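Chemist:
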Amino acid sequence: TVLRVAIMGLGGYGTRVGEAIQECQRVKLVGVISGTPAKIKNWQAKYNIPEKNCYNYENFDNIKDNPDIDAVYVITPNALHHDQVIRVAKAGKHVICEKPMALNAQEGKEMVDACKNANVKLLVGYRMHFEAKTLEVVNMRQKGDFGKIMFFQGLSGFKIGDPNQWRLNKALAGGGAMMDIGIYALNGARYMVGEEPSWLTAQETKTDMVKFKDGVDETIQFQLGFPSGAVASCLSTYNMNYLDRFYLNGEKGFAELQPSTGYGPIEGRTHLGKLTQPHTTHQAKQMDEMAGIIFDGKKPIVPVDGEEGLKDLKIIDAIYQACKTGEKLKLNS
Ligand code: NAD
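Heads up: the sequence shown runs through residues 40 to 372, numbered per UniProt numbering.
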């Protein structure tokens with residue numbers, strides 16, 4: 040069965056996903072939801088999308104009456120995900136939602152519940168969970184190649200441009216770098232170490248008060264402790280370029296990925312040599328795998344469901360709290 044998808048939000052990343060879907064084996068781009076009629080026209084022409092599969096932000100609830108769309112991929116600014124995902128669920132369609140799934144754990148929980156009640160799947164656009172070199176490392180860790188895991192370092196950042204973009208607007212982004220790029224280091228810490236953290240500490244620093252307004256974090260460092268005793272040290276920033284590196288260390292070996300979460304190719308090595316799994320378009324692989332999850336109940340090696348998204352949101356809530364209070368916080372997963 041082919042997963043017939045409509046993309047909501049035809050911006051930078053929506054455009055990338057639309058192109059990637061053209062490489063998919065079992066996913067087809069069949070519809071769009073956008074507030075800009077001119078973009079809809081372009082997409083219709085480029086991808087041969089019928090008029091009846093085009094919606095705007097006011098009328099997309101009508102997707103419930105459209106038997107030719109199986110799922111909607113929400114690729115809008117972070118603050119919109121919560122309401123849009125719940126509306127798609129109520130329309131009876133599966134939802135794929137970009138990261139961060141929502142602005143906080145409360146919202147995330149409501150989305151998970153709404154999808155459960157509507158009996159539709161909720162999946163989060165964690166493309167790295169399907170990336171071959173990343174999975175090569177996860178697989179080696181599971182086999183014990185690194186021995187007992189002791190340490191993870193995740194460095195995730197880029198220097199952000201235009202000060203007027205939604206990513207620097209607290210109301211639309213929900214925060215700053217941590218919501219956008221720091222989430223990769225956090226999520227990576229969890230899938231690289233292979234455990235849920237039991238405590239954290241976090242510190243925020245800001246060098247540009249004008250660009251990074253109240254509630255929009257420029258740089259956050261956070262540390263995680265895991266039940267096994269492993270620790271992680273992570274950096275999230277909107278103020279450094281070329282910051283994209285994961286390092287995992289165990290008693291018997293190490294893995295290093297750099298770049299570790301960019302669109303690729305991901306590169307890396309371990310104490311046993313270079314990582315060799317081939318590069319493929321992340322978003323195409325992700326979408327084909329998601330078709331398998333939705334239609335065949337396939338279980339990915341690293342989960343991408345709403346519960347997984349919610350785990351990150353709970354920890355992000357705690358990171359912001361720890362930045363404010365300076366406290367070491369206990370986490371219950
Ligand atoms: P973007 O600004 O390029 O696109 C956002 C789109 O949403 C635009 O087309 C815009 O018109 C539309 N939109 C609808 N309502 C809006 C409103 N009220 N205000 C502003 N824009 C509105 O952003 P993007 O880079 O495509 O990011 C969209 C989402 O995708 C974000 O949640 C982001 O975190 C996520 N993303 C994920 C990845 C990834 O690798 N998984 C990469 C980039 C972005």
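Just so you know, even glycine gets a beta-carbon here, dropped at the ideal spot from N, CA and C. Fair warning: this is a prediction, and the values are worked out from it, not measured in the lab.
Can you tell me which of the three DSSP states residue 138 falls into?
Modeler: Counted from its first residue, the sequence shown places residue 138 at position 99. Three-state DSSP puts residue 138 in coil, outside helix and strand.
Chemist: Flag this pair as touching only if the segment 240-255 and the segment 283-294 have three or more C-beta atom pairs under 8 Å; answer yes or no.
Modeler: No, the segment 240-255 does not touch the segment 283-294.
Chemist: Please state the DSSP three-state secondary structure of residue 249.
Modeler: Start at 1 with the first residue of the sequence shown, and residue 249 comes out as number 210. Three-state DSSP puts residue 249 in coil, outside helix and strand.
Chemist: CB of residue 166 to nearest heavy atom of ligand 1: below 7 Å?
Modeler: Counting from 1 along the sequence shown, the entry for residue 166 is found at position 127. Correct: residue 166 has its Cβ closer than 7 Å to ligand 1.
Chemist: Identify every residue that forms a DSSP beta bridge with residue 207.
Modeler: The residue you call residue 207 lines up with position 168 of the sequence shown. Beta-bridge pairing links residue 207 to no other residue.
Chemist: Taking only three categories from DSSP, how would you classify residue 257?
Modeler: Locating residue 257 in the sequence shown gives position 218, counting from the first residue. Note: residue 257 maps to coil in three-state DSSP.
Chemist: Can you check which of these residues, 232, 276 and 68, is closest to residue 181 by C-alpha distance?
Modeler: On the sequence shown, residue 181 is found 142 positions in, with the first residue counted as 1. Nearest C-alpha to residue 181: 232.
Chemist: In angstroms, rounded to a whole number, what distance separates the CA positions of residue 371 and residue 314?
Modeler: As a position in the sequence shown, residue 371 is number 332, starting the count at 1. As a position in the sequence shown, residue 314 is number 275, starting the count at 1. The straight-line gap from Cα to Cα measures roughly 34 Å.
Chemist: In angstroms with no decimal places, state the Cα-to-Cα distance between residue 223 and residue 198.
Modeler: The residue labelled residue 223 in the question sits at position 184 within the sequence shown. The residue labelled residue 198 in the question sits at position 159 within the sequence shown. If you take the alpha carbons of residue 223 and residue 198, they lie about 16 Å apart.
Chemist: Tell me the rounded alpha-carbon separation between residue 131 and residue 92.
Modeler: As a working mapping, residue 131 is identified with position 92 in the sequence shown. As a working mapping, residue 92 is identified with position 53 in the sequence shown. Answer to the nearest angstrom: the Cα atoms are 15 Å apart.
Chemist: Using only alpha-carbon positions, find the residue among 275, 57, 267 and 94 that is nearest to residue 256.
Modeler: Your numbering for residue 256 matches position 217 in the sequence shown. Nearest C-alpha to residue 256: 275.
Chemist: Of the residues 150, 46 and 135, which one's Cα is nearest the Cα of residue 99?
Modeler: Indexing the sequence shown from 1 puts residue 99 at position 60. Taking only the C-alpha atoms, the option nearest residue 99 is 46.
Chemist: Does DSSP put residue 322 in a helix, a strand or coil?
Modeler: Against the sequence shown, residue 322 aligns to sequence position 283. It is helical.
Chemist: Per DSSP, what kind of secondary structure is residue 67 in: helix, strand or coil?
Modeler: Counting from 1 along the sequence shown, the entry for residue 67 is found at position 28. Reduced to three states, the DSSP call for residue 67 is strand.
Chemist: Near residue 175, which residues of its chain fall below 7 Å by C-beta distance, leaving aside the five closest residues on each side in sequence?
Modeler: As a position in the sequence shown, residue 175 is number 136, starting the count at 1. So the qualifying residues of the chain are 314 and 316.
Chemist: Are there any heavy atoms of ligand 1 lying less than 7 Å away from the beta-carbon of residue 202, as far as the coordinates show?
Modeler: On the sequence shown, position 163 is the one that residue 202 refers to. Residue 202: no, Cβ never under 7 Å from ligand 1.
Chemist: Quick check on residue 265: does DSSP put it in helix, strand or coil?
Modeler: Residue mapping note: residue 265 aligns to position 226 of the sequence shown, counting from 1. In the structure shown, residue 265 sits in coil (DSSP, three-state: anything other than H, G, I, E or B).
Chemist: With distance defined between alpha-carbon atoms, name the residue in 185, 42 and 244 nearest to residue 106.
Modeler: As a first step, residue 106 must be located in the sequence shown, where it is residue number 67. The candidate whose alpha carbon is nearest that of residue 106 is 42.
Chemist: Suppose you measure from the CA of residue 63 to the CA of residue 367; what does that come to, to the nearest Å?
Modeler: Here the question's residue 63 lines up with position 24 in the sequence shown. Here the question's residue 367 lines up with position 328 in the sequence shown. Cα-Cα distance, rounded: 45 Å.
Chemist: Compute the distance between the beta-carbons of residue 309 and residue 292, then report whether it is under 8 Å.
Modeler: Position 270 of the sequence shown holds residue 309. Position 253 of the sequence shown holds residue 292. In this structure, residue 292 lies closer than 8 Å to residue 309 by Cβ.
Chemist: DSSP three-state label for residue 125, please.
Modeler: Working through the sequence shown from its first residue, we reach residue 125 at position 86. Residue 125 falls in the helix class under three-state DSSP.
Chemist: By the DSSP assignment, the alpha helix (DSSP H) with residue 316 in it spans what residues?
Modeler: On the sequence shown, residue 316 is found 277 positions in, with the first residue counted as 1. It is not in any alpha helix (DSSP H) - residue 316 carries neither H nor E in the DSSP assignment.
Chemist: If contacts are defined as beta-carbon pairs under 8 Å, then residue 264 and residue 238 qualify, I think. What distance do you get, rounded to the angstrom?
Modeler: Reading the sequence shown from its first residue, position 225 is the one you call residue 264. Reading the sequence shown from its first residue, position 199 is the one you call residue 238. Right, their Cβ atoms sit about 4 Å apart.
Chemist: Whose C-alpha, out of 218, 245 and 59, is nearest the C-alpha of residue 356?
Modeler: Along the sequence shown, read from residue 1 onward, the residue named residue 356 stands at position 317. Minimum Cα distance to residue 356 is reached at 218.
Chemist: Here's the rule I'm using: 16 or more other beta-carbon atoms within 10 Å means buried, otherwise exposed. How should residue 102 be labelled?
Modeler: If you number the sequence shown from 1, residue 102 lands on position 63. So residue 102 ends up on the buried side.
Chemist: Is any non-hydrogen atom of ligand 1 found closer than 7 Å to the C-beta of residue 114, if you look at the structure I gave you?
Modeler: In the sequence shown, residue 114 corresponds to position 75, counting from 1. Answer for residue 114: yes, Cβ within range of ligand 1.
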